[in-house]
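Taking it in order: structure first as structure tokens, then the write-up.
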Amino acid sequence: IANVGDGDPVGAGCGALRAACAEKGIDLLAFCAPLEAEIAALPPADQTGFLKDYGLTEPARDRLIRTAYRTLNLISFFTVGEDEVRAWTIRRGDNAVTAAGKIHTDLARGFIRAETVASDVLIEKKTHAACREAGQLRLEGKNYVVQDGDVIEIRANA
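Okay, structure coming up:
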């Protein structure tokens, strides 16, 4: 992480450091911490315009989270209830049983199957029923490798 001055909020002056990091396979995040703090204090509706004024496309916190996930080899999957959507974090390559265990150890112990759909498909189709009708809802077994952004409903014995 390089904290740059507000005269260079995109970190254009970090070329040599960026090249050295790239040579070692290290991600470099350059941002102006005071400017980012100002942006974060604004109402969400005002943040986009303020970012654009400084040549930024998104807040540094979003880039930091994405980079941390990639560096730590993490992904997110979702569970959906009537009044709650929850994101869960697991390691890339973890299977459905491991994901079930993140929710509750009893779900991993009694795992039967995982009903799975990609989050972008569920957003487009709006309901699990519509995803099922479109053939997008999949029944996956214990060895299914969970994908980043999957929406999963675990079926398990009590």
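Taking this note's numbering as reference, the numbering of the sequence shown is continuous, increasing by one, and the terminal residue is 375. Ideal Cβ placement from N, Cα and C applies to all residues, glycine included.
Pairwise C-alpha distance: residue j and residue i
| i | j | result |
| --- | --- | --- |
| Leu356 | Gly228 | 46 angstroms |
| Cys231 | Glu341 | 40 angstroms |
| Gly222 | Asn290 | 31 angstroms |
| Thr315 | Cys249 | 39 angstroms |
| Asp243 | Thr265 | Per the sequence shown, residue 243 should be read as Ile rather than Asp. So the alpha carbons of these two residues sit roughly 28 angstroms apart. |
| Ile329 | Leu252 | 50 angstroms |
| Val360 | Pro260 | Rather than Val, the amino acid found at residue 360 in this sequence is Asn. Distance between the alpha carbons of Asn360 and Pro260 is about 44 angstroms. |
| Ile369 | Ala254 | 35 angstroms |
Run of the alpha helix (DSSP H) containing residue i, from where it starts to where it stops
| i | result |
| --- | --- |
| Asp263 | 261 to 270 |
| Leu273 | Leu273 -> no alpha helix (DSSP H), and no H or E assigned at all. |
| Ala233 | 232 to 240 |
| Arg287 | 277 to 289 |
| Ala316 | 313 to 320 |
Beta-carbon gap between residue i and residue j smaller than 8 angstroms
| i | j | result |
| --- | --- | --- |
| Ala262 | Gly327 | no |
| Ile371 | Ala331 | yes |
| Asp323 | Gly366 | no |
Integer Cβ distance of residue i from residue j, believed to fall under 8 angstroms
| i | j | result |
| --- | --- | --- |
| Val334 | Cys348 | 5 angstroms |
| Thr284 | Leu246 | 6 angstroms |
Terminal residues of the beta strand (DSSP E) in which residue i lies
| i | result |
| --- | --- |
| Arg330 | 328 to 335 |
| Leu252 | Careful: Leu252 lies outside any beta strand (DSSP E), inside the alpha helix (DSSP H) at 250 to 258. |
| Val368 | 367 to 373 |
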